[in-house]
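S.K.:
Residue numbers (this note's numbering): 209 to 300.
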């Protein structure tokens, strides 16, 4: 979403530069630069710390779950794994 929005805004802003082929080149260049900047901005705004938690089940099998680092865990403590369709979350 950020890349597409940035490309549209960059292309629109650069379309007023020059005329003829120069205008086309400026529009394409503005769209490329805007797309890269928009994608970088979106990543920076949505990035959050995460954890990969390895859980040994009572059966002896191990499961790895990657999730937001919003809950502290200690090695060896008992946890629950909540499953929802194709996702899993570890909780206390």
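Glycine included, every Cβ here is placed at the ideal spot set by N, Cα and C.
Suppose contacts are defined by Cβ-Cβ distances below 8 Å. Is residue 295 in contact with residue 279 by that definition?
M.R.: For residue 295 and residue 279, no; Cβs fall outside 8 Å.
S.K.: Just the Cα atoms here: how many angstroms apart are residue 287 and residue 262?
M.R.: Approximately 11 Å between the Cα atoms of the pair.
S.K.: What does the Cβ neighbour count give for residue 284, buried or exposed, with the cut at 16 atoms within 10 Å?
M.R.: Classification for residue 284: exposed.
S.K.: If you draw a straight line from the alpha carbon of residue 264 to that of residue 247, how long is it in whole angstroms?
M.R.: Rounded to the nearest angstrom, the two C-alpha atoms are 38 Å apart.
S.K.: Nearest to residue 255 by CA position, among 269, 272, 266 and 276, is which residue?
M.R.: Of the listed residues, the one whose Cα sits closest to residue 255 is 276.
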